[in-house]
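J.:
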Amino acid sequence: MSGISKERRTKETQISIEIDLLKEAEVQIATGLPFMDHMLHAMAFHGDFSLKIKAAGDIDVDPHHLVEDLGIVLGSALNDYFKKIGAVSRYAQSIIPMDDALSEIIIDVCNRPFLIYQVYFPQDRSGNFDMWLLKEFFQGLANEAKINLHCRSHYGENAHHIAEAMFKALGKSLKESYKPIKKESGQMSTKGVL
Ligand SMILES: [Mn+2]
Numbered sequence: 008m009s010g011i012s013k014e015r016r017t018k019e020t021q022i023s024i025e026i027d028l029l030k031e032a033e034v035q036i037a038t039g040l041p042f043m044d045h046m047l048h049a050m051a052f053h054g055d056f057s058l059k060i061k062a063a064g065d066i067d068v069d070p071h072h073l074v075e076d077l078g079i080v081l082g083s084a085l086n087d088y089f090k091k092i093g094a095v096s097r098y099a100q101s102i103i104p105m106d107d108a109l110s111e112i113i114i115d116v117c118n119r120p121f122l123i124y125q126v127y128f129p130q131d132r133s134g135n136f137d138m139w140l141l142k143e144f145f146q147g148l149a150n151e152a153k154i155n156l157h158c159r160s161h162y163g164e165n166a167h168h169i170a171e172a173m174f175k176a177l178g179k180s181l182k183e184s185y186k187p188i189k190k191e192s193g194q195m196s197t198k199g200v201l
């Protein structure tokens, strides 16, 4: 079994995640935020891996806590996954178009958190979702997964398209960068460890 289950409950949010990057896309996402459901579904479907997320939170106060915590719990599950799998291929880059938009994700699974976020949305909102919140998701993800994560939007006229292309690119890059490798010297590092 290569899957990871993760559960996190705080006074603000309750989130459970099951992820298996080696299993073909079986995707069930219910976060209480339809826009995040749509993005996370696109991520797992196009990354071609299995992902189940059930979440609830104080979205009446502000979706901020839930969006950030989704990144945190997904990141934490990925960190567990990394420890379980051992050596992974580390690097991935994915550039995905969606109509007018072109978005890019670059990952290094290096056991050190770092986020570069050069993402610009021409509209502040998609429906009633505040696009600014997405940075919190990516920051939580980078911190907890301990990955170097670069998010870049090259261009785009539609905030929804820019975000959706970004999540598809994230899915493809996660699949690629966490690919298990066999290496007698241990990790994919000249130091032998990460
Ligand atoms: Mn869409």
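Just so we're aligned, residue 8 is where the sequence shown starts under the working numbering, counting upward by one. Each residue gets a CB set at the ideal place from its N, CA and C atoms; glycine is no exception.
With distance defined between alpha-carbon atoms, name the residue in 105, 141 and 188 nearest to residue 1.
T.: Since the first residue shown for the chain is 8 and the last is 201, residue 1 is missing from the structure and cannot be characterised.
J.: Per DSSP, residue 110 forms a beta bridge with which residues?
T.: DSSP output for residue 110 lists 103 and 160 as bridge partner(s).
J.: Tell me which residue opens and which closes the alpha helix (DSSP H) that residue 34 is part of.
T.: Where residue 34 is concerned, there is no enclosing alpha helix (DSSP H), although the beta strand (DSSP E) it sits in stretches over 34-37.
J.: Check each candidate in 128, 54 and 107 and name the one with the smallest Cα separation from residue 29.
T.: 54
J.: Is it buried or exposed, residue 20, if we count other Cβ atoms within 10 angstroms and call 16 or more buried?
T.: buried
J.: Where do the ends of the alpha helix (DSSP H) carrying residue 182 lie?
T.: 166-184
J.: Determine, using beta-carbon pairs with one atom in the region 103-110 and one in the region 55-73, whether at least three such pairs fall under 8 Å.
T.: They do not touch, by the three-pair rule.
J.: How far does the alpha helix (DSSP H) with residue 124 in it extend, from its first residue to its last?
T.: Run containing residue 124: none in the alpha helix (DSSP H); it sits in the beta strand (DSSP E), 121-125.
J.: Quick test of your reading: residue 110 and residue 173, contact by CB under 8 Å. State the CB separation rounded to the nearest angstrom.
T.: 4 Å
J.: Would you call the CB atoms of residue 201 and residue 148 closer than 8 Å?
T.: no
J.: Residue 184: buried (16+ other C-beta within 10 angstroms of its C-beta) or exposed?
T.: buried
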